[in-house]
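Below is one structure, written out as structure tokens, with a few remarks after it.
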Amino acid sequence: MSLRIVVCVKYVPDATGDRHFAEDLTVDRDDVDGLLSELDEYAVEQALQIKEAADGDAEITVLTVGPEDANDALRKALSMGADKGVHVEDDDLHGTDALGTSLVLAKAVEKTGYDLVVCGMASTDGTMGVLPALLAERLGVPQVTQLSEVSVDGGPDGTVKGRRDGDTATEHLEASLPAVVSVTDQSGEARYPSFKGIMAAKKKPVESLELDDLDIEADEVGLAGAWTKVEEAAERPARTAGTIVKDEGEGGKQLAEFLAGQKFI
Amino acid sequence: MAEVLVYVDHVDGAVRKPTLELLTLARRIGEPVAVHLGPGADTAAATLAEHGAVKVLTADAPEFADYLVAPKVDALQAAYEAVSPAAVLLPSSTEGKEIGARLAVRIGSGIITDAVDLEAGDEGPVATQSVFAASYTTKSRITKGTPVITVKPNSAAPEAAPAAGTVEQLAVTVADASKGTKVVSRTPRESTGRPDLTEAAIVVSGGRGVNGAENFPVIEALADSLGAAVGASRAAVDAGWYPHTNQVGQTGKSVSPQLYIAAGISGAIQHRAGMQTSKTIVAINKDAEAPIFDLVDYGVVGDLFEVVPALTDEVKTRKG
Ligand SMILES: Cc1cc2nc3c(=O)[nH]c(=O)nc-3n(C[C@H](O)[C@H](O)[C@H](O)COP(=O)(O)OP(=O)(O)OC[C@H]3O[C@@H](n4cnc5c(N)ncnc54)[C@H](O)[C@@H]3O)c2cc1C
Ligand SMILES: Nc1ncnc2c1ncn2[C@@H]1O[C@H](COP(=O)(O)O)[C@@H](O)[C@H]1O
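Listed in order, the protein sequences are those of chains A and B. Per the working numbering, the very first residue in the first sequence carries number 1309; after that it's consecutive. Per the working numbering, the very first residue in the second sequence carries number 73; after that it's consecutive.
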């Protein structure tokens, strides 16, 4: 049997654009350009490398939970070389929080069938970095997360190994499949889709799923079902304009003067 | 008063500063009960009591070190069941967030990560977060179950508030299912002798403008004169000039010091995401148009190789 890899990818508002909250205090996804989260490109890349290391004996499914436009994220991942897509889309999903999303992803991953789930280190909008741990908990499989290096040995019954560079130590980890991994932006540059890849992606299958297909009730997800509530969102006041001086030989001294005035020296 | 569980981040019983901040925040919503896993509880207990822990629940088992994250979730869950707390607070480290997330699933609760402040509210604790690269401030709360909240370093000033800090042994059974991810080897990071990046009161960071690993001592010298930690932009890290553990930004460390000095850093949104909440921001950049100048309290347009050494000398002179 070939290795079944599911890569979780998120469609996010472009971080270099102006990001906002909508009136219901959910992330505004209508008025801003969206794209495949850059940090999830690393997950797609590592999945492709694992497949290549298995001499192609693997199938990569890219999975997203998100609005209609999230299809763009799937197409990008397919154009990089993933084999097929799964898009969970349902009006009742609007406003779903991390716990809800993990429920939907877990059910969708199970329905798709998997030996290995690959996630990014964090989404670039929510930046929680907890989804992979939540998924592992829900699926009841090992969590091998925040890896800067990852490899799989021995196919679907094999093991996954990785290196985790933590705050205080570097750890080498190992777990039997099935497992959930997440990879960091230190794992290696993601490839650019080739022209051939972009053309091929157009013909790759994308399955659409609704909550019904996953046996999830509407009140388990969405704003109403959320475990958390944003009560206020205020734009941070712009920092008051500071003093800017041009160095004419005295820049270091002037800076020291400022720091001394602020009691840092 | 309701009890609040505080997950202790420590190295062999040496309690890290963010935990003391958690204890301070916990006292706003209840009585802190510290959960100390691994060795050193007796050493830690004194510090924890000093900062308000009424009790210290402790457990030590080889599984905490031998397997990733899940055994610690088993232990925290045992503490949760023993105490029935009003909230569970953890530090916003990679591991803290993962432990909190898994506990939240198990106890059917919501989770808030990366809080920068916490206050009591009529309907439970209200967490302040800084989102979209710190361009928005939000206030949120948890609507289901027992709030699980992870808090960023430097979110509160640790206050002394002596309490009993009675050490109690916690009975923990690590489930077989929690032994899925083996830690095959662990290499502790060597200490540089400088303050920890996320905890430091002052951070001095260098970017692409530093132009080579061989020039980073210029940044380090300024940092040392101020007793500061050293940071780097991703461009400097990707170029191999400075270790990734020192990266500041979205995919590196998020810092919120009293003073942040950026030298040779343009101020891209992903860098700002990790430093924008710093109290005072200073930049040295030879390009007057660099976006970092939009954030600064004081900026010097100039060559960092002139300005930084001059500043270092001046700091040393003034400090005598
Ligand atoms: C998903 C994602 C995540 C990212 N995460 C991070 C992150 O966590 N942290 C991060 O930093 N970046 C991150 N980045 C990268 C970010 O977009 C920028 O590319 C990066 O921050 C640029 O680093 P820099 O400012 O050092 O380099 P540059 O943008 O090249 O700026 C160098 C600056 O140095 C100045 N300079 C040059 N020589 C001198 C001199 N002699 N004296 C004074 N000034 C000089 C130049 O004028 C220029 O402004 C991320 C990007 C993506 C897509
Ligand atoms: N809506 C989503 N659809 C698919 N994958 C997601 C979604 N949200 C998060 N993920 C995955 O979970 C990782 C961590 O996300 P987060 O915990 O939200 O920071 C991301 O890098 C993705 O791999």
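Even for Gly, the Cβ is constructed at its ideal location relative to N, Cα and C. Keep in mind the model is a prediction, meaning the values are calculated, not measured.
Beta-bridge partners assigned by DSSP to TYR1319 (chain A): A:LEU1344.
Its Cα nearest to that of SER212 (chain B), the residue A:ALA1541 stands out among A:GLY1434, A:ALA1508, A:ALA1541 and A:CYS1316. As a beta-bridge residue in DSSP terms, ASP1461 (chain A) pairs with A:THR1467. With a cutoff of 8 Å on beta-carbon distance, PRO315 (chain B) and SER338 (chain B) are scored as not near each other. Residues lining ligand 2 by the Cβ criterion, that is a Cβ closer than 7 Å to any of its heavy atoms, are A:CYS1316, A:VAL1317, A:LYS1318, A:SER1345, A:LEU1347, A:ASP1348, A:ALA1351, A:LEU1371, A:THR1372, A:VAL1373, A:GLY1374, A:ALA1406, A:THR1409, A:LEU1413, A:CYS1427, A:GLY1428, A:MET1429, A:ALA1430, A:SER1431, A:GLY1434, A:THR1435, A:MET1436, A:GLY1437, A:VAL1438, A:LEU1439, A:PRO1440 and A:SER1490 in chain order. If the five residues before and after ILE1524 (chain A) are omitted, its C-beta is found closer than 8 Å to the C-beta atoms of LEU1411, VAL1412 and LYS1415, all from its own chain and listed in chain order. When DSSP states are grouped into helix, strand and coil, VAL1488 (chain A) belongs to the strand group. Distance from ASP1555 (chain A) to VAL373 (chain B) at the Cβ level is roughly 6 Å; contact confirmed, criterion being Cβ atoms closer than 8 Å.
Distances between the C-beta of ASP359 (chain B) and the heavy atoms of ligand 1 include at least one below 7 Å. For ASN318 (chain B), the distance from the CB to the nearest heavy atom of ligand 1 is not below 7 Å. Close to THR209 (chain B), with beta-carbon spacing below 7 Å, are these residues of chain A in chain order: ALA1542 and ARG1544. Using a Cβ distance threshold of 8 Å, LEU1517 (chain A) and VAL1426 (chain A) do not count as a contacting pair. Ligand 1 approaches GLN322 (chain B) closely enough that one of its heavy atoms is under 7 Å from the residue's Cβ.
A straight line joining the alpha-carbon of ALA137 (chain B) with that of PRO1321 (chain A) spans about 38 Å. LYS1510 (chain A) counts as exposed, since fewer than 16 other beta carbons sit within 10 angstroms of its beta carbon. Within chain B, the C-beta atoms nearer than 7 Å to that of LYS1537 (chain A) come from SER212, ARG213 and THR215, in chain order. Looking at the DSSP output, THR259 (chain B) bridges to A:THR1478. Bridge pairing for GLY1428 (chain A): A:VAL1491 [DSSP].
Separation of the CB atoms of LEU1356 (chain A) and GLY1463 (chain A) is rounded to 17 Å, and the pair is thereby denied contact status at 8 Å. Looking at B:THR352, B:GLY102 and B:ASN287, the one whose alpha-carbon comes closest to that of ALA192 (chain B) is B:GLY102.
THR1372 (chain A) and LYS1392 (chain A) do not touch by the CB rule: their CB atoms are close to 12 Å apart, not below 8 Å.
Shown here, ARG1337 (chain A) sits in coil according to DSSP, grouped into three states, outside any helix or strand. Nearest CB-CB separation between LYS1554 (chain A) and chain B: below the 8 Å threshold. Chain-order list of chain A residues neighbouring TYR370 (chain B): GLY1550, THR1551, ILE1552, VAL1553, GLN1562, LEU1563, PHE1566, LEU1567 and GLN1570, by C-beta distance under 9 Å.
With the rule of 3 Cβ pairs closer than 8 Å, the region 251 to 259 of chain B does not count as touching the region 313 to 332 of chain B. Here VAL239 (chain B) is buried: its Cβ has 16 or more other Cβ atoms, across all protein chains shown, within 10 Å. Within 7 Å of the C-beta of ALA340 (chain B) there is at least one heavy atom belonging to ligand 1. Within 10 angstroms of the beta-carbon of SER156 (chain B) lie fewer than 16 other beta-carbons, which makes it exposed. For ASP366 (chain B), the Cβ stays outside the 7 Å cut-off from all heavy atoms of ligand 1. HIS123 (chain B) places its beta carbon 8 Å or farther from that of PRO197 (chain B).
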